[in-house]
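This report refers to the structure that appears directly beneath it.
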Amino acid sequence: MKLKLKIWRQNGPSDKGRMETYPVNDVSEDMSFLEMLDVLNDQLVRDGKDPIAFDHDCREGICGACSLFINGEAHGPGRGITTCQLHMRKFKDGDTIYVEPWRSAAFPVIKDLATNRGAFDRIQAAGGFVSVNTSGNLVDGNAVPIPKDDADKAFDAATCIGCGACVATCPNGSAMLFTAAKVSQLSLLPQGKPERKRRALAMVEQMDKEGFGNCSNTGACEVECPKNISLEHIARLNREYLAATVTKE
Amino acid sequence: MSRSAILGSSLTKKYWMALTGLFLCLFLIAHLAGNLQLLDMSPEGQLKFNAYAKFMTTFPLVKAASYLLYFSILFHAFDGILIAIQNRKARPVRYAKENAGANRSWASSNMALLGTLVLVFLVIHMKHFWFEMHWGDIGTDADGNKDLYTVVAAAFGQSWYVALYVVMMAVLAFHLLHGFQSAFQSLGINHPRYTPMIKNVGVFFAVVVPVLFALIPVWMFVHRA
Ligand code: HEM
Ligand code: SF4
Ligand code: FES
Numbered sequence: 010m011k012l013k014l015k016i017w018r019q020n021g022p023s024d025k026g027r028m029e030t031y032p033v034n035d036v037s038e039d040m041s042f043l044e045m046l047d048v049l050n051d052q053l054v055r056d057g058k059d060p061i062a063f064d065h066d067c068r069e070g071i072c073g074a075c076s077l078f079i080n081g082e083a084h085g086p087g088r089g090i091t092t093c094q095l096h097m098r099k100f101k102d103g104d105t106i107y108v109e110p111w112r113s114a115a116f117p118v119i120k121d122l123a124t125n126r127g128a129f130d131r132i133q134a135a136g137g138f139v140s141v142n143t144s145g146n147l148v149d150g151n152a153v154p155i156p157k158d159d160a161d162k163a164f165d166a167a168t169c170i171g172c173g174a175c176v177a178t179c180p181n182g183s184a185m186l187f188t189a190a191k192v193s194q195l196s197l198l199p200q201g202k203p204e205r206k207r208r209a210l211a212m213v214e215q216m217d218k219e220g221f222g223n224c225s226n227t228g229a230c231e232v233e234c235p236k237n238i239s240l241e242h243i244a245r246l247n248r249e250y251l252a253a254t255v256t257k258e
Numbered sequence: 491m492s493r494s495a496i497l498g499s500s501l502t503k504k505y506w507m508a509l510t511g512l513f514l515c516l517f518l519i520a521h522l523a524g525n526l527q528l529l530d531m532s533p534e535g536q537l538k539f540n541a542y543a544k545f546m547t548t549f550p551l552v553k554a555a556s557y558l559l560y561f562s563i564l565f566h567a568f569d570g571i572l573i574a575i576q577n578r579k580a581r582p583v584r585y586a587k588e589n590a591g592a593n594r595s596w597a598s599s600n601m602a603l604l605g606t607l608v609l610v611f612l613v614i615h616m617k618h619f620w621f622e623m624h625w626g627d628i629g630t631d632a633d634g635n636k637d638l639y640t641v642v643a644a645a646f647g648q649s650w651y652v653a654l655y656v657v658m659m660a661v662l663a664f665h666l667l668h669g670f671q672s673a674f675q676s677l678g679i680n681h682p683r684y685t686p687m688i689k690n691v692g693v694f695f696a697v698v699v700p701v702l703f704a705l706i707p708v709w710m711f712v713h714r715a
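Each protein sequence line maps, in turn, to chains A and B.
For the first sequence, this note's numbering begins at 10 and goes up steadily by one.
For the second sequence, this note's numbering begins at 491 and goes up steadily by one.
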């Protein structure tokens, strides 16, 4: 099939950037979206032009690198998938497809479609961990009894791959779904409970500092999240943070 | 309490948004219950309404509640606009193509616009009735109470004024369609058993309350003297 791509080009963080149009021919519907971009980049390189920069790594939906806003949706049409899991059969011959980077003040563009998502790392580093004593008296995690429901919910939260689709999709550029997933994952488990207050306060503080917007409960993040992280986790973060705020000394 | 307990963080801003919003919802019920008396346009109904208006502006407990109400409206509006400005800054470059319909309701992403329209309406509404009742030069009825009924009936005798009220109640309906259930989520209330119930009550509330409010001017216009 033949497609017309409208792609965001930006030479560097300080460049203004613009949408440019590229025709691509010979696209197979069995290709993934990234493979289609590979074809386009081959063509650009052969023509002596600058290939389009985009992030990718695992190409199997587990690393969260492939952050593309396609035809107005994070990771394009389709639910519960990343861009590398999006196939060209979702499109029709002759389609015009818009490809843009994640748009967020907290995710500056590095080049073209690649953004710097270090803000997520800094939120994580602010409290998304369990401090353990590594002096040799470790307790086997499986020796601690955990109710099945809690374990399941914590596991659901832990499937977040930090892709940033929630931020990209949210009309407010809010990082609540990501932060809520990271807070929930630990606060549901006995190992994470001792630090839960400090964690909720510190991670939300970092989230705000990075310049993400305020959650309006539009629910768009949940729809576009490749791992179907539930809004229930955002409610849990709201509870955790409320309890921590009113009880802190 | 520390600074972050008031407006310091994104979450505390939302707690206040939800608390003031739900308080305003309670107010809507009380306000509606009182104003439905206007549907009785008989001479006795008019006297009863004026007596009720007097009670609402003079009874100390109601007065205390009304100060809390004014504060809530102003705080809700201030907080909401602050949130909206910060949210705009969080996305300095907009998307060339955005398929908003794929993942969210229209109301949910236009709360600030809807809220601002409600605020403009409130200013007009309060100027015409609340201000007149308190400080306006309006006559008295047979019982010696300020004749607010006649002021209301005169206003709702004009078609453009009735139309304004009907349109603004539609705006309020959309604000509540998202807002009612959203407030519970903001406060951390999300439960597989109760959330579907809250959402249903929210839709019911968002439709029935504005429709009944809009019925008053329409009714009074149709039955105008
Ligand atoms: C009778 C009047 C009003 C009622 C009953 C009402 C009710 C509500 C409720 C229940 C919410 C949900 C809170 C949450 O999501 O936590 C809300 C949100 C909101 N309201 Fe109002 N509201 C009213 C007037 C206004 C006014 C005058 C403004 C002025 C700008 C406004 C602006 C907003 C905004 C911007 C939000 C969204 C905040 C967010 O979720 O980010 N509202 N309102
Ligand atoms: S919550 Fe979902 S959309 Fe957001 S970063 Fe995690 S996996 Fe991606
Ligand atoms: S490249 Fe790893 S999730 Fe797509």
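By construction, the Cβ of each residue, glycine as well, lies at the ideal position given by its N, Cα and C atoms.
Because the structure is a prediction, the values reported are computed rather than measured.
**OP:** Establish whether the CB of aspartate 217/A and some CB of chain B are separated by less than 8 Å.
**Re:** yes
**OP:** List the residues of chain A that isoleucine 573/B touches, going by C-beta distances under 9 Å, in chain order.
**Re:** Asn181, Gly222, Asn223, Ser225
Original post:
Hey, is arginine 88/A close to the ligand FES, as in C-beta under 7 Å from one of its heavy atoms?
Top reply: no
Original post:
I think leucine 122/A touches valine 108/A, with their Cβ atoms under 8 Å apart; what is that distance to the nearest whole Å?
Top reply: 7 Å
Original post:
Do we get a CB-CB distance below 8 Å when we pair histidine 624/B with the residues of chain A?
Top reply: no
Original post:
Which residues, in chain order, does the segment 504–534 of chain B contribute to contact with chain A at a C-beta distance below 8 Å?
Top reply: Lys504, Tyr505
**OP:** Note down, in chain order, every chain B residue with its Cβ under 7 Å from the Cβ of alanine 167/A.
**Re:** Per Cβ cutoff of 7 Å: no residues; alanine 167/A is ~19 Å from chain B at best.
Subject >> Neighbour-count burial assignment, proline 707/B, 16 or more Cβ in a 10 Å radius >> reply: buried
Original post:
Got a sec? Which residues, its chain only, sit under 8 Å from valine 153/A by beta carbon, not counting five neighbours each side?
Top reply: Pro199, Gln200
Subject >> Contacts of alanine 586/B in chain A (Cβ-Cβ under 8 Å) >> reply: Lys15, Trp17, Met28, Tyr107, Glu109
Original post:
Per the contact definition of three or more C-beta pairs closer than 8 Å, is the segment 669–683 of chain B in contact with the segment 498–509 of chain B?
Top reply: yes
Original post:
Comparing alpha-carbon positions, which option in Leu604/B, Gly511/B, Pro700/B lies nearest phenylalanine 670/B?
Top reply: Gly511/B
**OP:** Determine the closest residue to arginine 714/B out of Ala592/B, Leu522/B, Gln648/B, with distance taken between C-alpha atoms.
**Re:** Gln648/B
Original post:
CB-CB under 6 Å to aspartate 530/B, same chain, minus the five flanking residues each way: which ones, in chain order?
Top reply: none
**OP:** If I'm right that arginine 112/A touches alanine 177/A with Cβ under 8 Å, what's the distance once you round it to whole angstroms?
**Re:** 6 Å
Original post:
How would you call glutamate 735/B, buried or exposed, if buried means at least 16 neighbouring beta carbons within 10 angstroms?
Top reply: Lying outside 491 to 715, the shown extent of chain B, residue 735/B is not represented and no answer is given.
**OP:** Could you check if valine 691/B is buried or exposed, using at least 16 other CB atoms within 10 Å of its CB as the buried criterion?
**Re:** exposed
**OP:** Express the C-alpha separation of alanine 244/A and proline 686/B in angstroms, rounding to a whole number.
**Re:** 14 Å
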